[in-house]
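The letter at position 79 of the sequence shown is residue 755 when you use the working numbering, and the numbering goes up by one with no holes.
From the three backbone atoms N, C-alpha and C, an ideal C-beta is built for every residue, glycine too.
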Amino acid sequence: MTIPERTSAAPAPAATEDPRTAADRRRALRVLALSSLGVFVVFLDTTIVNVAFETISRGFHTTTGHLAWVLNAYSLVFAAVLIPAGRLADRYGRKRVFLIGITGFAVTSALCGAAPSAGTLIGARALQAAFAALVTPTSLALVLPEFPPARRPMAIGTWGAMGAAAAALGPTIGALLTQYASWRWIFLVNVPVCALVVLVGLRLLRESREPHAGGLPDPVGVVLVAAMPAVLSLAIIEGPSWGWADPRVIAAFAAAAVLLPVFLLRTRAAADPVMDLALFRVRQFRVVNAASLVFSSAFYGLLLANILFLQNVWGYSVLRAALASAPSPLVVTAVARTASRLGHTYGPRLVLSAGAVCWAAGGTLLALRTGGHPHWAADFLPASLVIGLGIGLTLPVQSGAAVQALPPARFAVGSAINASFRQLGAVLGISVFVAVLGTPTPATAVGSFHRVWWVLAALGLASGLLLHLPRLPRLRRAAPEAEAV
């Protein structure tokens, strides 16, 4: 039965429905705050490098295409390790894996900050992402048992909102650190934050594990998860410089096409597959993950595009570019929590559709109004505000909607899969940006960025249209346990 998209707000639960004491509720909020801080610092590093991109490139005397792997290496490894990380946590303990992830993230952040070359930085970023992947699913798995079922949507929404806010605030925080310290501090700042999380987590968090958890997931499947987007990204990034007819580019596209069915076959045949494909029988889970992949491509591509436009075309300093971009993440932070509540009350499809429209409108404004001469208040600011509204209505709602139709026992693995789709989208978005922008001259730079904004606006709109395909059901506000696989 299809539940109408718009429903009246559910009445507040009666006091008797929450048997927890006041101390239990305070503890639950502290666990939520600590886990959200862990997620914040992890997702901050998906975008904090953007504003320092040009500074790092000049310091290492490397090209934009080469340095794009500083971003893509993080996203690729993050996506590949996220799902196995959930399995590790189930088997060896969620608290233990969470704290190992936070500690390793701090150590590898220090390695990134001390990197002497671009190659070393790319390698350190890959290691950093592996530990970041341990944090994401375990943080949610630690939170959910602290809340009764009626309060879990709020907890998931808050957790997702922190990740969205971190990704949006990354460029601004990165610019402040780059301007007043060094680009190396965009990594080193993680160390004290992670130390705080570990110290508090040792006392606050409770250990839990799945008694019947299986062994480690299929290692071949883990490699394939990273290999598919890696070769596709290679083809997209290098296509403009190597030539689209170059045998290497053609081979990379062909490899990406072949690896997808290989991955599906391997997943179905493996005794302990890396991804539970049965979850994709749940229609809402399938649709929202597809939309997450497409929207994240637009989101991560635009964050990098705007920062580079302000620095390279308008000649802004690192700090001025970040401050010029700051209104958008401020809007995200302001609306993310409200958007999660609206998605729970009225159904995620309505809110996600509105977010896609706002995103496309903001991208269109950039493409139509922004020129070679700086007119921030008249041209860039209005577009940034509309884009921020689109992000705030989309990213946190996607996080909750992806797992909403799953039973609570599958929330952690469902959130890991959704986060993987986001990171794969980041890889594709950065790659699309590099390919569409090309290597413009000062005379053609504005037109090249206009082309980028049109493409990314269309991608964001497409993420909303995916929710309205005729053969796909309308998303629901909630789903019974029987719906889940």
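Supposed close pair residue i, residue j - CB separation, criterion 8 Å
| i | j | result |
| --- | --- | --- |
| Y750 | A805 | 4 Å |
| L864 | G777 | Actually they do not touch by this definition, with Cβ atoms about 18 Å apart. |
| V925 | G1047 | Not a contact, Cβ separation roughly 33 Å. |
| G915 | A1111 | 6 Å |
| G839 | G1076 | With 8 Å as the limit, G839 and G1076 do not qualify as a contact, their Cβ atoms being about 11 Å apart. |
| P1058 | W990 | The Cβ separation is near 16 Å, so there is no contact. |
| A1032 | S1139 | 5 Å |
| R706 | L880 | 6 Å |
| L986 | S1001 | 7 Å |
| N965 | A1102 | No, N965 and A1102 are not in contact; Cβ-Cβ is about 14 Å, not under 8 Å. |
| P760 | V898 | 6 Å |
Per-residue DSSP class, three states only, for residue i
| i | result |
| --- | --- |
| R1127 | helix |
| I912 | helix |
| I798 | helix |
| S1091 | helix |
| I724 | coil |
| F939 | helix |
| F823 | coil |
| I730 | According to the sequence shown, residue 730 is Glu rather than Ile. It is helical. |
| P1083 | coil |
| A1002 | coil |
| S1107 | helix |
| L892 | coil |
| D700 | helix |
| S884 | coil |
| D766 | helix |
| P689 | Note that P689 scores 45 on pLDDT, short of 50, meaning its location in the model is unreliable; the coordinates nonetheless yield the value given after this. Residue state, collapsed to three classes: coil. |
| H1020 | helix |
| L1145 | coil |
| W920 | coil |
| R860 | coil |
| G1068 | helix |
| A806 | helix |
| S751 | helix |
| A947 | coil |
| S711 | helix |
| S793 | coil |
| S993 | coil |
| A1119 | coil |
| T814 | helix |
Inter-residue spacing [alpha-carbon to alpha-carbon] between residue i and residue j
| i | j | result |
| --- | --- | --- |
| I1093 | V757 | 10 Å |
| L892 | R944 | 16 Å |
| A967 | A1012 | 18 Å |
| R996 | F716 | 24 Å |
| R703 | S711 | 12 Å |
| G1064 | A947 | 44 Å |
| A1133 | A1036 | 4 Å |
| F1109 | S884 | 42 Å |
| Y1022 | L764 | 36 Å |
| F729 | I862 | 11 Å |
| V907 | G1105 | 14 Å |
| Q855 | L1135 | 32 Å |
| I1067 | V1008 | 6 Å |
| A809 | S1091 | 12 Å |
| L1041 | V970 | 20 Å |
| A802 | G762 | 19 Å |
| F961 | P1024 | 12 Å |
| A736 | L797 | It should be noted that the sequence gives Phe, not Ala, for residue 736. Rounded to the nearest angstrom, the two C-alpha atoms are 10 Å apart. |
| A782 | G850 | 17 Å |
| S785 | L1006 | 26 Å |
| A844 | A1054 | 22 Å |
| A871 | A1081 | 35 Å |
| L1145 | V963 | 10 Å |
| E1157 | V725 | With a pLDDT of 39 at E1157, under the threshold of 50, the predicted position of this residue should be treated as unreliable, though the coordinate-derived value follows. The alpha-carbon atoms of E1157 and V725 are separated by roughly 41 Å. |
| S973 | A981 | 12 Å |
| R1098 | S858 | 29 Å |
| L1143 | S1029 | 8 Å |
| T834 | D721 | 19 Å |
Opening and closing residue of the alpha helix (DSSP H) in which residue i lies
| i | result |
| --- | --- |
| F985 | 959-988 |
| Y856 | 828-856 |
| W1052 | Unbroken run through W1052: none, as it is neither H nor E. |
| G777 | 770-789 |
| P1024 | 1024-1045 |
| L875 | 866-880 |
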